[in-house]
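Notes follow the structure.
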Amino acid sequence: MQMKRAGRVHYIAVDFSGKACSTQGFTTRHEGVSRPPYNSLNLGNNTLDQQSNVEVNRSLLARAFGVNQAALVTPRQVHGSDILVISEHNEDYSHFLSIESDAIITNQPGVMIGVCVADCVPILLCAPDRRVIAAVHAGWHGTADKLVSKVIDGMKSEFGCHPGEIQAAIGPCIGKCCYEVDAPVKQAFLKNGLAWDSFAEPNGTDKWQLDLATANRDLLITAGVEAAAIDQSDMCVCCQRELFFSHRRDKGESGRQMGFIMLKAVQGS
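Residues are numbered in the numbering used here as their position in the sequence shown, beginning at 1, plus a constant of 15.
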């Protein structure tokens, strides 16, 4: 991963090796129009920011990558395990914005799919042979529910993808250093058979420091994704105030960055 700029948008670019059939990355908080505490590239529809500012910010992102804003799809995230599948071309994708879902899968070129985050883990997936992409929002609920594993299953069942061909990027999220959780979180993980001790460390206060990114990496590998095909950021959004929004750090008054991915059109089509 490396920092790049497209138009006004500063973002962390992901370069999937091999057949480059998609464009993807993770935005920062820079170069938008929102005022504090949402300054400045707040891309989340469900914040208390002025919606007109959010619309301008989303338009800046869409234009930076040559797509109409109507082709920028981020569902209404609810910390659940529902998956939105877009398998047909639409002239206007905006009706998908009201659908409650925490992951999107599509095989349609020209539509930019994304998830908005301010601590949770954004995960981007690409199956280049099948030309299928996905974006996943994984907080502790989604991680405990193994949402990213369900997305891999969906890519297999809906589009015939093989996990061994899938490339993955785990974006900036709250790090183990800053993410203290309590017993109910531990119980949710153990209930679903996750190896809690592999990514959680007791901190001496009857609570734990949880590494959400590594937990999702483990889920990807268990689902059949090759370890070498996973690009994992080591950036903590809570620590890096100058680059990222953090819901926990900012006590809920926070914007949202986005993990986004878009299939490139087939040459000659």
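Ideal placement from N, C-alpha and C gives every residue a C-beta, glycine not left out.
Quick caveat: nothing in here was measured; it's all calculated off a predicted structure.
Is it the case that the Cβ atoms of residue i and residue j are separated by a distance below 8 Å?
i: Ile189; j: Arg271; result: no
i: Ile27; j: Pro217; result: no
i: Glu46; j: Ile120; result: no
i: His25; j: Gln92; result: no
i: Val29; j: Leu139; result: yes
i: Leu227; j: Val136; result: yes
i: Gly129; j: Gly274; result: yes
i: Ala142; j: Met170; result: yes
i: Arg230; j: Trp223; result: Sequence check: residue 230 is Ala here, not Arg. No, they are not a contact pair.
i: Ile276; j: Gln84; result: no
i: Leu87; j: Met127; result: yes
i: Leu225; j: Trp155; result: yes
i: Ile185; j: Ile245; result: yes
i: Asn57; j: Val69; result: yes
i: Cys251; j: Cys176; result: no
i: Ser109; j: Asn122; result: no
i: Val240; j: Ile181; result: yes
i: Asp265; j: Pro51; result: no
Spell out the partners DSSP gives residue i in its beta bridges.
i: Asp246; result: Ala184
i: Trp223; result: Val196, Pro217
i: Phe41; result: Ile27, Gly274
i: Leu17; result: What sits at residue 17 in the sequence shown is Gln, not Leu. BP columns for Gln17 point to Ala28.
i: Cys251; result: Cys188
Could you tell me the boundaries of the beta strand (DSSP E) in which residue i lies?
i: Ile148; result: 147 to 153
i: Gly274; result: 272 to 278
Mind reading off the beta-carbon distance from residue i to residue j? Whole number of angstroms is fine, and I expect it under 8 Å.
i: Pro90; j: Leu112; result: 7 Å
i: Asp197; j: Ser213; result: Contact flag wrong, Cβ pair sits at about 19 Å.
i: Asp134; j: Ser116; result: Not really, about 19 Å apart at Cβ, beyond 8 Å.
i: Ala118; j: Ser164; result: With a Cβ gap of about 11 Å, Ala118 and Ser164 do not count as contacting.
i: Ala280; j: Gly157; result: Between Gly157 and Ala280 the Cβ distance is about 31 Å, and since that is not below 8 Å, they are no contact.
i: Phe260; j: Ser269; result: 5 Å
i: Ser285; j: Leu205; result: Here the chain comprises residues numbered 16 to 284, so residue 285 is not present and cannot be evaluated.
i: Cys131; j: Gly22; result: So it is not a contact: roughly 19 Å between Cβ atoms.
i: Leu258; j: Ala183; result: That belief does not hold up - the Cβ atoms of Leu258 and Ala183 are roughly 22 Å apart, past 8 Å.
i: Ala159; j: Ala203; result: 4 Å
Which stretch, first to last residue, makes up the alpha helix (DSSP H) that contains residue i?
i: Ser172; result: 162 to 174
i: Glu70; result: 66 to 79
Query raised in the report: Which runs of the beta strand (DSSP E) fall wholly inside the stretch 81 to 156 and span at least 3 residues, in chain order?
Result: 99 to 101, 118 to 121, 127 to 132, 136 to 142, 147 to 153
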